[in-house]
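Taken in sequence, the protein lines are chains A and B. The numbers in the numbering used here rise by one with no breaks, and the one at position 442 of the first sequence is 442. The numbers in the numbering used here rise by one with no breaks, and the one at position 297 of the second sequence is 297. In this text, a Cβ means the ideal position worked out from N, Cα and C, and glycines have one as well. As the structure is a computational prediction, the values presented were derived from the model and not from experiment. Beneath this line is the structure, given in structure tokens, with notes to follow.
There are 2 protein chains.
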Amino acid sequence: KVTYSEISPSEFFYRNRDLAGFSNPSRALYTSVRELVENSLDACEQASILPEVECKIEAGPEASKAGDQLQFILTISDNGPGIEAKHLPNAFGRVFYGSKYKLKQSRGMFGMGGTMAILYAQITTNKAVTISSCFDGKIIHTLDMLIDIQENKPVILRHETKESDGKTGTSVRLTLMGDYLRAAQKIQDYFKQTAVVTPYADISLIDPDGKVTKYERATEATPPPPTETKPHPYGIDVEALRRLIKLSQDQSLAKFMTANFHRVGDKTAEKFLSFAGFEKSAKPKSLSNEDVVKFVNALHQFEEFLPPDASCLSPLGEEIMNAGIMKELQPEFVAMSVRPPSAYSGFPFIVEVGIAYGGKQIPQGVRLLRFANRIPLLYDEANDVAFKVINDEIDWKRYRIPQDAPIAIITHVCSTKVPYKTVGKEYLADRPELERELKNATRDILRKLSTFLARKGSMEFQKKK
Amino acid sequence: KVTYSEISPSEFFYRNRDLAGFSNPSRALYTSVRELVENSLDACEQASILPEVECKIEAGPEASKAGDQLQFILTISDNGPGIEAKHLPNAFGRVFYGSKYKLKQSRGMFGMGGTMAILYAQITTNKAVTISSCFDGKIIHTLDMLIDIQENKPVILRHETKESDGKTGTSVRLTLMGDYLRAAQKIQDYFKQTAVVTPYADISLIDPDGKVTKYERATEATPPPPTETKPHPYGIDVEALRRLIKLSQDQSLAKFMTANFHRVGDKTAEKFLSFAGFEKSAKPKSLSNEDVVKFVNALHQFEEFLPPDASCLSPLGEEIMNAGIMKELQPEFVAMSVRPPSAYSGFPFIVEVGIAYGGKQIPQGVRLLRFANRIPLLYDEANDVAFKVINDEIDWKRYRIPQDAPIAIITHVCSTKVPYKTVGKEYLADRPELERELKNATRDILRKLSTFLARKGSMEFQKKK
Ligand SMILES: Nc1ncnc2c1ncn2[C@@H]1O[C@H](COP(=O)(O)OP(=O)(O)OP(=O)(O)O)[C@@H](O)[C@H]1O
Ligand SMILES: Nc1ncnc2c1ncn2[C@@H]1O[C@H](COP(=O)(O)OP(=O)(O)OP(=O)(O)O)[C@@H](O)[C@H]1O
Ligand SMILES: [Mg+2]
Ligand SMILES: [Mg+2]
Numbered sequence: 001k002v003t004y005s006e007i008s009p010s011e012f013f014y015r016n017r018d019l020a021g022f023s024n025p026s027r028a029l030y031t032s033v034r035e036l037v038e039n040s041l042d043a044c045e046q047a048s049i050l051p052e053v054e055c056k057i058e059a060g061p062e063a064s065k066a067g068d069q070l071q072f073i074l075t076i077s078d079n080g081p082g083i084e085a086k087h088l089p090n091a092f093g094r095v096f097y098g099s100k101y102k103l104k105q106s107r108g109m110f111g112m113g114g115t116m117a118i119l120y121a122q123i124t125t126n127k128a129v130t131i132s133s134c135f136d137g138k139i140i141h142t143l144d145m146l147i148d149i150q151e152n153k154p155v156i157l158r159h160e161t162k163e164s165d166g167k168t169g170t171s172v173r174l175t176l177m178g179d180y181l182r183a184a185q186k187i188q189d190y191f192k193q194t195a196v197v198t199p200y201a202d203i204s205l206i207d208p209d210g211k212v213t214k215y216e217r218a219t220e221a222t223p224p225p226p227t228e229t230k231p232h233p234y235g236i237d238v239e240a241l242r243r244l245i246k247l248s249q250d251q252s253l254a255k256f257m258t259a260n261f262h263r264v265g266d267k268t269a270e271k272f273l274s275f276a277g278f279e280k281s282a283k284p285k286s287l288s289n290e291d292v293v294k295f296v297n298a299l300h301q302f303e304e305f306l307p308p309d310a311s312c313l314s315p316l317g318e319e320i321m322n323a324g325i326m327k328e329l330q331p332e333f334v335a336m337s338v339r340p341p342s343a344y345s346g347f348p349f350i351v352e353v354g355i356a357y358g359g360k361q362i363p364q365g366v367r368l369l370r371f372a373n374r375i376p377l378l379y380d381e382a383n384d385v386a387f388k389v390i391n392d393e394i395d396w397k398r399y400r401i402p403q404d405a406p407i408a409i410i411t412h413v414c415s416t417k418v419p420y421k422t423v424g425k426e427y428l429a430d431r432p433e434l435e436r437e438l439k440n441a442t443r444d445i446l447r448k449l450s451t452f453l454a455r456k457g458s459m460e461f462q463k464k465k
Numbered sequence: 001k002v003t004y005s006e007i008s009p010s011e012f013f014y015r016n017r018d019l020a021g022f023s024n025p026s027r028a029l030y031t032s033v034r035e036l037v038e039n040s041l042d043a044c045e046q047a048s049i050l051p052e053v054e055c056k057i058e059a060g061p062e063a064s065k066a067g068d069q070l071q072f073i074l075t076i077s078d079n080g081p082g083i084e085a086k087h088l089p090n091a092f093g094r095v096f097y098g099s100k101y102k103l104k105q106s107r108g109m110f111g112m113g114g115t116m117a118i119l120y121a122q123i124t125t126n127k128a129v130t131i132s133s134c135f136d137g138k139i140i141h142t143l144d145m146l147i148d149i150q151e152n153k154p155v156i157l158r159h160e161t162k163e164s165d166g167k168t169g170t171s172v173r174l175t176l177m178g179d180y181l182r183a184a185q186k187i188q189d190y191f192k193q194t195a196v197v198t199p200y201a202d203i204s205l206i207d208p209d210g211k212v213t214k215y216e217r218a219t220e221a222t223p224p225p226p227t228e229t230k231p232h233p234y235g236i237d238v239e240a241l242r243r244l245i246k247l248s249q250d251q252s253l254a255k256f257m258t259a260n261f262h263r264v265g266d267k268t269a270e271k272f273l274s275f276a277g278f279e280k281s282a283k284p285k286s287l288s289n290e291d292v293v294k295f296v297n298a299l300h301q302f303e304e305f306l307p308p309d310a311s312c313l314s315p316l317g318e319e320i321m322n323a324g325i326m327k328e329l330q331p332e333f334v335a336m337s338v339r340p341p342s343a344y345s346g347f348p349f350i351v352e353v354g355i356a357y358g359g360k361q362i363p364q365g366v367r368l369l370r371f372a373n374r375i376p377l378l379y380d381e382a383n384d385v386a387f388k389v390i391n392d393e394i395d396w397k398r399y400r401i402p403q404d405a406p407i408a409i410i411t412h413v414c415s416t417k418v419p420y421k422t423v424g425k426e427y428l429a430d431r432p433e434l435e436r437e438l439k440n441a442t443r444d445i446l447r448k449l450s451t452f453l454a455r456k457g458s459m460e461f462q463k464k465k
């Protein structure tokens, strides 16, 4: 007997939480920390606030022990802009709800990370999450909340307010079954690597023994904030065009194009419309369904659109990357390569690669540290495009770097849309344009290291003589 | 200015269609074929019908050419049980809607594959999908349908009925931008490999040149159908327990356990309840929130639950695997290993591994053919647990198999829940229990091949003497 049912987004990810990075207690603890910290950093940067983020992990009562697992109380607090009270329940209690569904670089993009951490905590300990936020500097709202998983909506158990001392910010406190013993190293690496790419943030980690690890602000220089951008013609499909036409008030196709597409001016619009066989003065809403398809295919064929302008992006920049690498890895030598902007499927991206060599901290061998939109990627290295490039597409021998040399390669990709292959943001797809840029950047830094080693070798040779 | 929005499931996968396997035109064509064929095979098997599936790929009009891409009309038809008219629009026009949200082995599990193929077609060509289905053997319903992506619901443009000649079945015809040139080899491999594990199916592929490739039924023997099973205690979390309690009519915890848990009888229930510190006669609905958590933790700690019974599963079996391998690979030697049932997180699974050696079809070197719930997995091999086992965890030298020997290793995993790492069903996670079973099965078949080669080598030696 075949019976049908519909499930909500939260129900789908409850059943398939492996897809979102909640596959076992140690991984779930790691992913929960990651998702909440990234929310705090996104919020601070979006409001141009120098981030202060605290992550406290406290062991739950001994009685809650279950084998290797234990209840942990995870509290992430920030000095960010806070969330308005009316949005607070949905922001954290609904999957596919958020403020990052825009064409703009940010760590978050799926509208579900924070919600999933809360969902996982709830299904393992049955405890409500406590969220506090102050948006106006006057009133702090505190909610105890559960998620109705079958309905994908928040259930508020308690809502209190009190006066704020003028500060804004958000704090999320949840209780989950985790495995800190297994997760500890990964969590510490996550914070250390976050500090490498976010040296303007003050971050502290308090572990279950009460030990405080501070990653202090190394600089007050922040990268210019990313901005929202219009879609590029190469990224437009039929659905996207139909929606733009529906919303459009433009009275001509030429005006429609300059108003809606990234870097398309009057001249380019006219050239394209003549190439595609449309009247530049035709009304957008007069396009038939066949016209819409013809228009979209022509958009992808036309070769004279300017490539996406990456001024909407916010790369780390050499100064910040250098400061972060020096502070956290303390190497003998650093070199960097920042590639010119590129794009895949109309989405602009910038690749920045750094190499750190020597010093007391870096172990022998080549270690790859991957970042995307300032998020450290600590899992599934072998599946990542950066790993593929470094292992399969670089001819290491030509750089004459000793096999046991202590090396760290740091790759950062920023984009309006990072091509993650999984909802858990574990690794990047091998888009050809991305692969090419990573390859060129890696060759660049290996040449620089090679030169340094040759010079160093000959200097030491001179000394001995 | 921070603005919030909520998006529907179809909107989420429209924006993030890479996650579902629709990353480029050739991959999208492949994934569309895969999702629709798997729906047909699932439906036939569920109704105990010997499957007849036709996949026709016709080139669209020359005028629709756009670079390497072209419009293709993809039509998949089957002799399955059909879909009732009232369910037809939602089955294909809504993401997170389906009949496979049960604890039962089937190819489908996410409730979105067919819908995504239709969505992708629509956003590339703006053409409605045409679906025909006959459920009662009397009336064929034909719908032309679009998906309202922002609302995640079907929009019916046309609905006609006509008399059926007594047959049931379903046909889906959609028009999408694809790249058959690039996808052809993968699509052909998909059908060839599907024939290996489904030798009781009649499958035909008609390519854009009109060429027909038939994979004819090799046997009428079908594996016993899988059955739905109850959840195993090791797979229960707090949310699952709360729901079972809410639905429960049971008057005692002991009755509640035997009624709801897999392979838990009165004795085991009593033992567990005393271990966990509960009254066996207590009413399930009397459990407090703390009790629920205590109950779940104890379920995972109790060591005397019988392991999941795999009688609900439907492995290929040696006969079918042998028939499929012989027919499609025509090797000189075949060996097989069917592992005893195992489980991960309370989900039962069975690993079956075959090895094929020699003959004219198998090229030199080791080729891995992976299957899960009878689906051929043709992408992301390097990320799969089977690849990891074969490359990193097997000591090939001890089997003395020549490096250039022509070998194919065929792995099949069946489970009530296949641990895919992606929505696109590309590869399996390296769950420790799964890894262990694949390793043992692989060693088993390599021993058998090794013995065969030794015997063959000594016989040839005898001949020469
Ligand atoms: N600490 C915070 N400060 C301010 N706003 C926050 C904070 N945490 C979450 N939010 C808001 O809640 C929304 C939902 O967060 P959530 O993590 O679920 O999704 P996301 O960050 O948008 O995307 P992703 O799933 O990729 O993380 C965010 O978009 C943001 O607007
Ligand atoms: N050819 C068919 N014959 C009968 N029923 C079908 C057929 N195709 C689809 N269905 C029904 O439509 C439902 C939705 O199909 P869809 O492919 O979207 O999801 P699914 O198969 O349940 O899961 P998955 O996303 O993993 O494929 C199926 O569960 C099934 O009930
Ligand atoms: Mg987030
Ligand atoms: Mg399906």
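Asked	Found
Give a yes or no on whether 7 Å exceeds the smallest Cβ distance from F92 (chain B) to chain A.	no
Taking 6 Å as the line, does the beta carbon of I83 (chain A) fall inside it for any heavy atom of ligand 1?	yes
What residues in the stretch 121-140 of chain A bring their beta carbon closer than 9 Å to a beta carbon of chain B?	Q122, I123, T124, T125, N126, K127
Give me the chain B residues within the contact set of V2 (chain A), using Cβ-Cβ distance strictly less than 9 Å, ordered along the chain.	A43, Q46, A47, P81, I83, E84, H87, S99
Excluding the 5 residues flanking D207 (chain B) on each side, which residues of the same chain have their C-beta closer than 8 Å to its C-beta?	I57, Y180, A184, T213
Would you mind reading off the limits of the beta strand (DSSP E) that contains Q185 (chain A)?	First-last for Q185 (chain A): 180-197, but that is the alpha helix (DSSP H), not the beta strand (DSSP E).
Taking buried to mean at least 16 other C-beta atoms within 10 Å of its own C-beta, is G457 (chain B) buried or exposed?	exposed
So if I threshold CB-CB distances at 7 Å, which residues from the stretch 228-261 of chain B count as touching chain A?	D237, V238, E239
Measure the alpha-carbon distance for E6 (chain B) versus D404 (chain B) and round it to whole angstroms.	55 Å
For the stretch 362-393 of chain B, which residues have a CB atom closer than 7 Å to at least one CB atom of chain A, in sequence order?	A382, N383
Which class does L316 (chain B) belong to by DSSP, given the choice of helix, strand or coil?	coil
Using a Cβ-Cβ distance under 7 Å, would V293 (chain A) count as near chain B?	yes
Cβ atoms of I362 (chain A) and P402 (chain A): under 7 Å apart, would you say?	no
Among A:R243, A:I236, A:I156, which one has its Cα closest to the Cα of N297 (chain A)?	A:I236
Per DSSP, which residues does V2 (chain B) bridge with? Please list them.	For V2 (chain B), which the question treats as bridged, DSSP gives no partner whatsoever.
So, at 7 Å on beta carbons, what are the nonlocal neighbours of Y120 (chain A) in its own chain, with the 5 sequence-adjacent residues on each side left out?	R17, F22, A28, S32, L176
Comparing C-alpha positions only, which one of A:D309, A:L247, A:A408, A:A382 sits nearest to A356 (chain A)?	A:A408
Within this structure, are the beta carbons of V389 (chain A) and L434 (chain A) separated by less than 7 Å?	no
Secondary structure at H412 (chain B), three-state DSSP: helix, strand or coil?	strand
For N39 (chain A), is the beta carbon positioned less than 6 Å from some heavy atom of ligand 1?	yes
Could you check if G265 (chain A) is buried or exposed, using at least 16 other CB atoms within 10 Å of its CB as the buried criterion?	exposed
Thinking C-alpha only, which one of B:V2, B:K271, B:D430, B:Y399 is nearest F387 (chain B)?	B:D430
Looking at C-alpha atoms only, which residue of B:E279, B:Y427, B:H232 is the closest neighbour of A254 (chain B)?	B:E279
Give me the residue from A:E84, A:E54, A:L369 with the minimum Cα distance to D78 (chain A).	A:E54
Please say whether M145 (chain A) and A128 (chain A) have beta carbons closer to each other than 7 Å?	yes
According to a CB-to-CB cut-off of less than 9 Å, which residues of the stretch 143-168 of chain A neighbour chain B?	I149, Q150
Among B:K425, B:H141, B:E393, B:E426, which residue has its Cα nearest to the Cα of P432 (chain B)?	B:E393
Using only the heavy atoms of ligand 4, determine whether one of them is closer than 6 Å to the beta carbon of G114 (chain B).	yes
Cβ closer than 8 Å: which chain B residues qualify as neighbours of S23 (chain A)?	A429
Below 9 Å on C-beta distance, what does P419 (chain B) contact in chain A?	D18, S23
Counting only beta-carbon atoms, is I7 (chain B) nearer than 7 Å to chain A?	yes
Pop quiz: Q301 (chain A) and A66 (chain B) are said to be a contact at Cβ under 8 Å. What is the actual Cβ separation, rounded to whole angstroms?	6 Å
Please tell me whether E35 (chain A) and I149 (chain A) are closer than 7 Å, where the distance is taken between their beta carbons.	no
Against chain B, with Cβ distances strictly below 7 Å, would F12 (chain A) count as a contact?	yes
Assign G166 (chain A) to one of two classes, buried (16 or more other C-beta atoms within 10 Å of its C-beta) or exposed (fewer than that).	exposed
Where in the stretch 277-331 of chain B do unbroken runs of the alpha helix (DSSP H), each at least 4 residues long, occur, reported from the N-terminal end onward?	289-301, 317-329
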